[in-house]
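Visitor:
There are 2 protein chains.
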Amino acid sequence: MMNINESSPVPIYQQIIDGMRREILAGVFGPDSRLPSIRELALALKVNPNTIARAYQELEAEGAIYFKRGQGAFVTAKSTDDLLRQARLEMAKHIGEIMAIARSMGLDRSQVRKIFDSVLEQQEVK
Amino acid sequence: MMNINESSPVPIYQQIIDGMRREILAGVFGPDSRLPSIRELALALKVNPNTIARAYQELEAEGAIYFKRGQGAFVTAKSTDDLLRQARLEMAKHIGEIMAIARSMGLDRSQVRKIFDSVLEQQEVK
DNA sequence: GCTAGTGTATTAGTAGAGCAATACACTAAA
DNA sequence: TTTAGTGTATTGCTCTACTAATACACTAGC
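Here it is as structure tokens:
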């Protein structure tokens, strides 16, 4: 079960998005299985329904889940693929930022790749 | 001369920081040369002096410039090195974000590197 | 000392994000 | 057709980031 960090600077709705993505990827909710309803989850996490709704809407917008009227939210069949595609997009954004920095310093691609590798080595993998 | 985009979501003070870093790196202002005074620049960019001051303070904090009381702001002798170091830190942050995404998807370093390379290929170099 | 130039501090206004309270509208199932 | 469950819309509060107006304090140079 996902848990919310009240004191985190990361907004609650974003924590829910992240948590749901992770749980779907981990197989906690398989394709076409039903997610907890907005009200259920709001109650469980002690949060306003609108906050859950916002998270679910974003997940719907990115194609990870879909709604059946009156019945609730369900995991998209291809949602694992979608999530991976989405993740790739997010990564691409960051790489874009990195390249913007690199450009303003006059670095070319191979220099950026070197920096990337050397920083990557220092990262924890957990 | 730097120019400000009023309608950008990027705060003005941040645009000034970025612009200044770029101009220093480009050699518009060499080591120990004097930057436009806070009031001058505020007038030129049609912005409040405090906004310029904030940008200059951050540049000072990261060691790119220094102040002489009553005389203005000057470029640090080693500021090019400092800026490169700073840029590297910024890049590292983004790489950290990328790794956070990767972790939640269960990707290891080599997979991340592959994605990075393939995205890098698609980036414009300008 | 005076003056014109520096950077700095105080205070306040504006806009936006985030979240909750509450009421609404729809649908499945009995 | 009623009921209990869905998601949705409206509204307002709070907090924070950003910016500006204005007044202050210091310093070089005459």
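Going line by line, the protein sequences match chains U and Z.
Heads up, the first sequence is in the numbering used here, so the first residue is 35 and it goes up one at a time.
Heads up, the second sequence is in the numbering used here, so the first residue is 35 and it goes up one at a time.
Here a beta-carbon is modelled for each residue, glycine too, at the ideal position from N, C-alpha and C.
(1) From the DSSP output, in three-state form, read off Z:K160 for me.
(2) Who pairs with Z:G106 in a beta bridge, going by DSSP?
(3) What number of angstroms, rounded off, separates the C-alpha of U:I129 from the C-alpha of U:D52?
(4) Output the distance between the C-alpha atoms of U:S144 and Z:Q120, rounded to the nearest integer angstrom.
(5) Please state if the CB of Z:D66 and the CB of Z:A98 are separated by a distance shorter than 8 Å.
(6) From this set, U:I58, U:A126, U:K102, which residue's C-alpha is nearest U:M35's C-alpha?
(7) For U:K160, I'd like the list of residues in its chain whose CB is within less than 6 Å of its CB, leaving aside the five on either flank, ordered along the chain.
(8) What are the boundary residues of the alpha helix (DSSP H) that Z:G64 is part of?
(9) Would you list the one or two residues that DSSP bridges to Z:K68?
(10) I need the straight-line Cα distance from Z:D116 to Z:R68, nearest angstrom please.
(11) Between the Cα of Z:A87 and those of Z:Q48, Z:M133, Z:R122, Z:G64, spot the shortest distance and give me the residue it belongs to.
(12) Helix, strand or coil: how does DSSP classify Z:S42 here?
(13) Short of 8 Å in beta carbon distance, which residues of its chain neighbour Z:A76, apart from the five on each side in sequence? Order them along the chain.
(14) Residues of the stretch 119-132 of chain U in Cβ contact with chain Z at a cutoff of 8 Å, in chain order, please.
(15) Buried or exposed: Z:P45, going by 16 or more other Cβ atoms within 10 Å of its Cβ?
(16) What would DSSP say about Z:D115, mapped onto helix, strand or coil?
(17) Can you look up U:M54 in the DSSP assignment and give me helix, strand or coil?
(18) Can you grab the Cα-Cα spacing for the pair U:F150 / Z:E40, in whole Å?
(19) Using a Cβ-Cβ distance under 8 Å, would U:K160 count as near chain Z?
(20) Who are the near neighbours of Z:L93 in its chain, counting only those whose CB is closer than 7 Å to its CB and skipping five residues on each side?
(21) Helix, strand or coil: which one does DSSP assign to Z:Q91?
(22) If you measure from the beta carbon of Z:L59 to each beta carbon in chain U, is any gap under 8 Å?
(23) Name the chain Z residues that come within less than 7 Å of U:M139, Cβ to Cβ?
(24) I want to check one thing, is the minimum distance from the CB of U:S71 to the heavy atoms of the ligand ZN below 7 Å?
Guide: The short version:
(1) Along the second sequence, one-based indexing puts residue 160 of chain Z at 126. Its pLDDT being 45, under 50, Z:K160 is placed unreliably in this model, and the value from its coordinates should be taken loosely. Correct three-state label for Z:K160: coil.
(2) Translated into the one-based positions of the second sequence, residue 106 of chain Z becomes position 72. Z:G106 is bridged to Z:K102.
(3) Sequence index remark: in the first sequence, residue 129 of chain U carries index 95 (1-based). Sequence index remark: in the first sequence, residue 52 of chain U carries index 18 (1-based). Cα to Cα, the separation comes out at about 20 Å.
(4) For this step, residue 144 of chain U is matched to residue 110 along the first sequence. For this step, residue 120 of chain Z is matched to residue 86 along the second sequence. Rounded to the nearest angstrom, the gap between the Cα atoms of U:S144 and Z:Q120 is 19 Å.
(5) Walking along the second sequence from the start, residue 98 of chain Z turns up at place 64. Walking along the second sequence from the start, residue 66 of chain Z turns up at place 32. Not closer than 8 Å, so no.
(6) As a first step, residue 35 of chain U is located in the first sequence; it is residue number 1 there, counting from the start. Taking only the C-alpha atoms, the option nearest U:M35 is U:I58.
(7) Here residue 160 of chain U refers to the residue found at position 126 when the first sequence is read from its first residue. Confidence at U:K160 is low in this model, with a pLDDT of 45, below 50, so its placement is unreliable and the value that follows should be read with caution. There are no such residues.
(8) Taking the first residue of the second sequence as position 1, residue 64 of chain Z is located at position 30. It is not in any alpha helix (DSSP H) - Z:G64 carries neither H nor E in the DSSP assignment.
(9) The residue given as residue 68 of chain Z occupies position 34 in the second sequence. The residue asked about is misnamed: residue 68 of chain Z is Arg in this sequence, not Lys. Answer is Z:F108, bridged to Z:R68.
(10) For the purposes of this step, residue 116 of chain Z is identified with residue 82 of the second sequence, where counting begins at 1. For the purposes of this step, residue 68 of chain Z is identified with residue 34 of the second sequence, where counting begins at 1. The straight-line gap from Cα to Cα measures roughly 18 Å.
(11) Residue mapping note: residue 87 of chain Z aligns to position 53 of the second sequence, counting from 1. Measuring from the Cα of Z:A87, the nearest candidate turns out to be Z:Q48.
(12) Taking the second sequence and counting its residues from 1, the one referred to as residue 42 of chain Z is at position 8. Three-state DSSP puts Z:S42 in coil, outside helix and strand.
(13) The residue given as residue 76 of chain Z occupies position 42 in the second sequence. Answer for Z:A76: N82, P83, T85, I86, listed in chain order.
(14) Within the stretch 119-132 of chain U, the residues whose Cβ lies closer than 8 Å to some Cβ of chain Z are A121, R122, E124, M125, A126, H128, I129, G130, E131, I132, listed in chain order.
(15) Indexing the second sequence from 1 puts residue 45 of chain Z at position 11. The residue is exposed, with fewer than 16 neighbouring Cβ atoms inside 10 Å.
(16) To locate residue 115 of chain Z, count along the second sequence from 1; it is residue 81. Z:D115 falls in the helix class under three-state DSSP.
(17) Taking the first residue of the first sequence as position 1, residue 54 of chain U is located at position 20. Of the three classes helix, strand and coil, the one that applies to U:M54 here is helix, per DSSP.
(18) For this step, residue 150 of chain U is matched to residue 116 along the first sequence. For this step, residue 40 of chain Z is matched to residue 6 along the second sequence. Taking the straight line joining both Cα atoms gives about 33 Å.
(19) Within the first sequence, numbered from 1, the residue matching residue 160 of chain U stands at position 126. Legend: pLDDT at U:K160 = 45, less than 50; position of this residue unreliable, value from coordinates given subsequently. Taking Cβ atoms only, chain Z reaches closer than 8 Å to U:K160, which makes this a yes.
(20) Here residue 93 of chain Z is taken as the residue at index 59 of the second sequence, counted from 1. I51, M54, I99.
(21) Along the second sequence, read from residue 1 onward, the residue named residue 91 of chain Z stands at position 57. In this structure, Z:Q91 counts as helix in the three-state DSSP scheme.
(22) Translated into the one-based positions of the second sequence, residue 59 of chain Z becomes position 25. Interface residue, yes.
(23) Here residue 139 of chain U refers to the residue found at position 105 of the first sequence. Per Cβ cutoff of 7 Å: L59, L118, A121.
(24) No copy of the ligand ZN occurs in the structure displayed, which carries no ligand at all.
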